[in-house]
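Let me begin by presenting the structure, written as structure tokens, before commenting on it.
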Amino acid sequence: MSDTLLSARNLAFELYEVLDAEALTQRPRFAEHSRETFDAALHTARTLAEKYFAPHNRKGDEHEPRFENGQAILIPEVKPAVAAFLDAGFLNANRDFEAGGMQLPTLLSQACFAHFQAANASTTAYPFLTMGAANLIENFGTDEQKRLFLQPMIEGRFFGTMALTEPHAGSSLADIRTRAEPAADGSFRLKGNKIFISGGDHTLSENIVHLVLAKLPDAPPGVKGISLFIVPKFLVNPDASLGQRNDVVLAGLFHKMGWRGTTSTALNFGDNGQCVGYLIGQPHQGLACMFQMMNEARIGVGMGAVMLGYAGYLYSLDYARQRPQGRLPDNKNPATAAVPIIQHSDVKRMLLTQKAYVEGAFDLGLYAARLFDDSHTAATEDERQQAQQLLDLLTPIVKSWPSEFCLKANELAIQILGGHGYTRDYPVEQYYRDNRLNPIHEGTHGIQSLDLLGRKLAQHGGAGLKQLVRLIAGTCAQAQAYTRLDPLREPLEQLLSRLQHVTLGLLGELSTGQVNSALANSALYLKAFGHCVIGWRWLEQAIRAEQGLARGNPADTGFYRGKLQAARFFLTWEVPACHNDLALLEARDDTCPGMHEEWF
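In structure tokens, the structure reads:
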């Protein structure tokens, strides 16, 4: 297999033909970069992912972290892999040159990171969490907190986590019970329990910096009473040296069906009354701070789901090309040679479905990264604001749509391998198990759909939604220049029109207080909205494919034809099917909310 992690040709298509990464080098922040430096970073990422991360992916799955003498012990291959990642500078790919970073656009750092996500989701989680925690401290921490905690994280000596979930309150953060009592020295003493804390204990770093949600004694009820605290595994002295062990105890490890190489921990804070924490940000404003890391993580989880789907697709594609079995329906002669299964129409259907899902979602994930760059470096404040508004709107889709449909791609990869697919002799069953966690990670589909319909659509006066509608309409107008794209464009226009009508009706109900009925089927809304967005991204790819074919390079003909066929599949098979979902939304169908508990 020439491509085991992701297609290098498709990555180049996305970066340089669809998303115009080279244009970013015209901005002052990225002026020292070029396509050559971008490609060098991508090459390094691919090389390290293949050399250090992919080889122990299966071993990490088979040999979970062990709970020994109060700490988590990982397989030995994880540490050199993470060290190689750190040494190459990928932990700080976005940071300023002066801070030891690569000053890459987020679009490029996300593309680099995608290689590691495809190679080994479990090991990649440790630097992923650290990057998010470091960014949060950088934005909200005091100068002293940055000196004592952020700088060692940037250097790769301290790692980070986010500690939200409690045994009695999963996604309902309003109900957390962890408490923080003020101490005389200005710090706080925390007491409580957190569960499912990824990366909560390991031996990869000198220290672990937990970002912990807790409530102060005077906290108002609900989410408006949540504060955020830095709680290190080891205390840090004023001279930045490590002090004594903090009162944070690893109570145990959870055993998951996937991501088995990432420690999933139960942590007890303050069993001995001496858990020292430091308030970050303002009192009772912790959730607002944490949302920065959560939104980063949501986009990262979405891309992780894409890459697991992508890895499964590439493996099943190679298998289908190599595996001879059966003959085409019009050949009844058993004496003739069996054909590779890729020649069977139903196998083509399954491969095409995977391609449509993973390459559509891959485009969306990179588009979100490009929006992040625009929100910080676009020429005008208005452009930066528009990019942020659109990114806010799309974040629930970037997280949830790949988590659902790239998981379906993994399921199809197993099906293509047949009986081999569900054995542990082949990697596709692990890809599926790893990816099955992503519909739950960082907010379930239901939570993301409530966020989209109940909050994001109306945010900023609906500015993000209006902008999205304009962009989709603009792409459809551009597609009119290509007659061959008419059958692809028209289903998208029809879905967008009906989606707008349904959206206005639901927002109208929300504005009049009919919250329960408007949000009852929000998951259906997220699916239809997500298909509309992915359909738009596929139409964008189809236009670029037409332009590529017009350039007449024979070596690229097959690639562009494949793009057009995948776009055709998604826009003519998948998009029209959303009208049934919209019909249920229009009718305010009450089948699910109307079910009584005693009827089950």
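If you read the sequence shown in numbering that gives the first Met the number 0, its first letter stands for residue 0, the second for the next number, and so on.
Glycine residues also receive a C-beta, built at the ideal position from the N, C-alpha and C atoms.
All of these numbers come straight from a predicted model, not from anything done at the bench.
- The continuous stretches of beta strand (DSSP E) do not include Arg-454, and DSSP gives it neither H nor E.
- Gln-414 and Gly-420 have their C-alpha atoms roughly 6 Å apart.
- Counting C-beta pairs closer than 8 Å gives fewer than three between the stretch 335-347 and the stretch 389-402, which falls short of the contact rule.
- Pairwise C-beta distances place the stretch 179-197 out of contact with the stretch 145-158, as fewer than three of them are shorter than 8 Å.
- Val-357 and Gly-185 have their C-alpha atoms spaced approximately 49 Å apart.
- The continuous stretches of alpha helix (DSSP H) do not include Ile-439, and DSSP gives it neither H nor E.
- According to the DSSP secondary-structure assignment, Asn-206 is paired through a beta bridge with Phe-157.
- DSSP places Glu-492 inside the alpha helix (DSSP H), whose first and last residues are 485-510.
- In the DSSP assignment, Asn-93 falls outside any alpha helix (DSSP H) and carries neither an H nor an E.
- The C-beta distance from Ala-113 to Met-302 rounds to 6 Å, short enough to fall under 8 Å.
- Going by C-alpha positions, Arg-297 is about 12 Å away from Phe-127.
- Looking from the CA of Thr-264, the closest CA among Glu-382, His-209, Arg-469 belongs to His-209.
- With fewer than 16 other beta carbons inside 10 angstroms of its own, Ser-510 counts as exposed.
- Under DSSP, Pro-339 forms a beta bridge with Pro-323.
- When DSSP assignments are scanned along the stretch 103-151, the uninterrupted stretches of alpha helix (DSSP H) that are 4 or more residues long and fall wholly within it turn out to be 105-118, 120-139.
- DSSP places Glu-596 within a helical segment (H, G or I) once states are collapsed to three.
- Tyr-366 places its beta carbon less than 8 Å from that of Leu-18.
- Per the C-alpha coordinates, the member of Leu-470, Val-397, Pro-490 positioned closest to Ser-448 is Val-397.
- Residue state for Phe-268 is assigned as strand, using DSSP reduced to three classes.
- A Cβ-Cβ contact shorter than 8 Å links Gly-99 with Asn-91.
- Excluding its 5 nearest sequence neighbours in each direction, Tyr-15 has C-beta neighbours in its own chain below 8 Å: Glu-21, Arg-34, listed in chain order.
- In the DSSP assignment, Pro-181 is bridged to Phe-187.
- For Ala-82, there is no enclosing beta strand (DSSP E); the enclosing alpha helix (DSSP H) covers residues 77-86.
- About 15 Å separates the Cβ atoms of Ser-315 and Gln-342, ruling out a contact at the 8 Å cut-off.
- Annotated three-state conformation of Gly-529 is helix, per DSSP.
- Per the coordinates, the alpha-carbon of Gly-311 lies some 28 Å from the alpha-carbon of Met-292.
- Under the three-state reduction of DSSP output, Asn-552 falls in the coil class, being neither helix nor strand.
- In this chain, the alpha helix (DSSP H) harbouring Glu-61 covers 56-61.
- Residues Lys-214, Ala-218, His-283 of the same chain have their beta carbon placed closer than 6 Å to that of Gly-224, with the five preceding and five following residues left out of the count.
- Exposed is the label assigned to Asp-238, since fewer than 16 other Cβ atoms lie within 10 Å of its Cβ.
- Taking 8 Å as the cut-off, the Cβ atoms of Asn-267 and Phe-233 do not count as close.
- Ser-399 has its alpha-carbon roughly 12 Å from the corresponding atom of Leu-363.
- Leu-487 sits away from Ala-527, with the two beta carbons spaced by 8 Å or more.
- The closest CA to that of Thr-443, considering only Ser-170, Phe-96, Met-130, is found on Ser-170.
- Comparing alpha-carbon positions, the option among Thr-482, Arg-454, Glu-492, Leu-451 lying closest to Val-468 turns out to be Glu-492.
- If you compare the alpha carbons of Gln-321, Asp-450, Phe-371, Gly-140 with that of Glu-295, the shortest gap goes to Phe-371.
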